[in-house]
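Quick note, our numbering runs 1 ahead of the 1-based positions in the sequence shown. The next block holds one structure in the form of structure tokens; read it before the comments.
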Amino acid sequence: MISCTTTNTKTAESTDIIIENEQVKLIIGSDGIAKSLVYKPKNEECLILGENVPIFTVTQERPYNNEVKLAHPNKRTTFFADTIYREGDNLIVGFEVLPYEAIIKVKETPDYISFRLEDFIVEPEDYPAYLKITPPPTSELCILQLPVRNRTHFGEWLNVSWDDNLAINILATDQYARIDSERRNGYRIMKADAVKGVKLKGTEAALIVSETKDFLDKIARVEEDYNLPQGVKSRRDSRTKLSYYWSANVNPQNVDRHLEYAKKAGFRHMVIYYPSFLKGRGYRNLGDYDFDLDKYPNGKEDLKKMLSKIEEQGIVPGVHFLHSHIGRDSRLVTPVPDHRLNLLKYYTLAQPLGKTDTEVYIEQNPEGTTTADGARVLKIGTELISYEGYTTSPLYMFTGCQRGVDKTIVNAQPVGYIFGLLDVSEYGATSVYIDQNTNLQDEIAEILADIYDAGFKFLYFDGSEGVNDPFWFHVASAQYKVFRRLNPQPIFAEGAAKTHFSWHMLSGGNAFDIFRPEVLKDVTRKYPAEEAPRMQEDFTRINFGWLGYWVPDDNTVGTQPDMLEFVTSRAAAWDCPVSIHAYLNTFDAHPR
């Protein structure tokens, strides 16, 4: 229910706008200030009062209206809502200084109240015809912002403040809303933003206020209504909490021995790393996804048979891949690098580039460009060029250039040609990242979904941080491009990076890379044991693995029973699983 007695004029008298369902009443002053958020069954106020926090704001990189530009500093500025009135289900929001208004559509349901940026109202005189822009010039619009009183727990990932009795949550209804919070003295400003370049119109977020025992039910309703991944259902599946056996070398020839070890250890899940069935060297061939025909002569059919065999033994198979990485030996890089690889910076040739030149002259100052070994790579036409250094005073140039790296085709380009700095993965520099604004991730997602269809039931999104800015959007969006193609939905997923929308997919949180036996207990205290209670505030478990299994030798004491007991006991204390990296030669050689 939305109730308001104001007239439909921007200059209406100060009369509160009330938005409510059976659980909660939100009161907004006609001046745009969030005045109250009351949980009705207990008449409990959820906001810190008197802080005059506007419920809506708009941000511009600089003023564009000519008179505003003349009168105010030209800098990034956030303008507060200062008037609100109602037309049906729409809130018409005006802002200080700025000439235009925003339309926020409100939907009230028994489980949540949603806020959606529907449109803008821009009058012809706001931006006269001589201004050749597409109005309104909005960088960001905050579609919901509330000063929520602190409670015992705050889930940073899910954006929920809660205690044993009550939970208050601002939740994106898809991957497009930027969800965040800002800490204050005794409260947090919880907010949802629509961001230009990602999505403005149509961006939506839900406000949930409920008893904590019912909170996940409310999220499940949002997931159902908006056709989101079923993160609540996955968290409630008992299989999500089971530990797993991980291997990078499982194939039809040795799967029986792996099953023998996995069953002896009591594992009921098995994660198969992609090198087990794909051809290539480490990350270097990611993107090709060619089956290793020496081990799988019939390709996917042999993989399906092996996965069926694993399931027949009572063990559920999952897959581990790097969805956003493209290997530098793959067909997407060499001999001609694909135009959909991500570029971090752009430069303009100040002089023609010949095929034998070892210096690349540019118009821009390259100061701040990467100097990391292996990552100093330019993409110019059909060619990748590495550089040793660059100048930061005129004449600007890249120096010590090696032409045609990664066996790419050397080419010449004219003055004025625009090229870029290749986005090389910081993890070993053997792969590069996809430009998520192109369709390449979708192409890769189709291939990965076809592999998953062989019989995998859950997955690990490794390398998820490997996307372009804005990371808050692309990390989850790249995962979702894969996840939404998987049918049926995975039992659970884990991943190496997460953002707000990932919550609906990564019901297993994350694992950690393996640590040497000598430091295992210390790093377990430092990392998984520190993260586990924080993730519980997001209603999520983590994985206390991956555990290595080291053979004792002159350089290490090797993995010992007390180490495994230490990690598994800490995991059990937080109701979390573990996982172990399994290599047959290591198991065979270990004295224990």
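We treat Cβ as the ideally placed atom computed from N, Cα and C, and that holds for glycine.
Closest to I93 by CA distance: which of K265, G510, V334, K106 is it? K106
For K307, the first and last residue of its enclosing alpha helix (DSSP H): Checking the displayed sequence, the identity of residue 307 turns out to be Met instead of Lys. Segment 301-313, the alpha helix (DSSP H) holding M307.
Contact check, S478 vs A494 under 8 Å by CB: the rounded distance? Not quite, the Cβ-Cβ distance comes to about 15 Å (not below 8 Å), so this is no contact.
Do the segment 418-436 and the segment 330-347 touch if we need at least three Cβ pairs shorter than 8 Å? yes
Apply the 10 Å Cβ neighbour rule to K76 and answer buried if 16 or more other Cβ atoms are within range, or exposed otherwise. exposed
Do L229 and H505 have their CB atoms nearer than 8 Å? yes
Among the candidates V54, Y481, A455, whose CA atom is the shortest distance from the CA of Q442? Y481
Short check: CB of P367 to CB of Y397, under 8 Å? yes
Quick check: I85 and I18, are their CB atoms within less than 8 Å of each other? yes
Taking three-plus beta-carbon pairs below 8 Å as touching, is the segment 430-447 in contact with the segment 277-287? yes
May I ask you to check if the CB of D295 is nearer than 7 Å to at least one heavy atom of the ligand GTP? Although the ligand GTP was asked about, the structure shown includes no ligands whatsoever.
Enumerate in chain order the residues of its own chain whose CB-to-CB distance from F588 is below 8 Å, with the five nearest sequence positions on each side excluded. Y262, Y550
How would you label L71, buried or exposed, when you count the other beta carbons within 10 angstroms and need 16 or more for buried? exposed
Nearest to F474 by CA position, among R332, V524, D194, is which residue? D194
Span separating the alpha-carbon of T78 from that of V406: 44 Å
Just to confirm my understanding: we take D576, look at its own chain, exclude 5 residues before and 5 after, and list those with CB closer than 8 Å. What are they? K242, R542
Near H73, which residues of its chain fall below 6 Å by C-beta distance, leaving aside the five closest residues on each side in sequence? P64
Taking DSSP as the reference, what is the three-state secondary structure of W247? strand
With DSSP run on the structure shown, which of helix, strand or coil describes T400? strand
Pull up the CB-CB distance for V476 and K499, whole angstroms please, since I reckon it's below 8 Å. 7 Å
Residue range of the beta strand (DSSP E) that P534 falls in? Note, P534: premise wrong, no beta strand (DSSP E); alpha helix (DSSP H) at 529-537.
Going by alpha carbons, who is nearest to T213 out of D127, T153, Q561? T153
Using a Cβ distance threshold of 8 Å, determine whether the segment 137-148 contacts the segment 44-59, with at least three qualifying pairs required. yes
From G288, A376, T357, pick the residue whose C-alpha is nearest to that of T335; which is it? G288
Let's test the definition: count the other Cβ atoms within 10 Å of the Cβ of Y275 and tell me whether it reaches 16, buried, or not, exposed. buried
With DSSP as the reference, identify every bridge partner of Y348, one or two as the case may be. F420
Suppose you measure from the CA of H324 to the CA of Q437; what does that come to, to the nearest Å? 11 Å
Please list, in chain order, all residues of the same chain as I180 whose beta carbon is under 6 Å from its beta carbon, the five residues on each side excluded. N160, A173, A193, H501
Assuming contact is defined by CB atoms lying nearer than 8 Å, are N66 and Y131 in contact in what I supplied? no
For S37, I'd like the list of residues in its chain whose CB is within less than 8 Å of its CB, leaving aside the five on either flank, ordered along the chain. K26, L27, I28, E46, L48, L50
According to DSSP, simplified to helix, strand and coil, what is Y262? helix
What do you reckon, are the CB atoms on D112 and R222 nearer than 8 Å? yes
Looking at I452: is its Cβ nearer than 8 Å to the Cβ of Y227? no
Between the C-alpha atoms of R341 and I445, what's the straight-line distance to the nearest angstrom? 12 Å
Sequence-distant residues of its chain with Cβ nearer than 6 Å to Q314 (five each side left out): L260
What ranges does the alpha helix (DSSP H) occupy inside the segment 473-540, keeping only unbroken runs of at least 4 residues that lie completely in it? 521-527, 529-537
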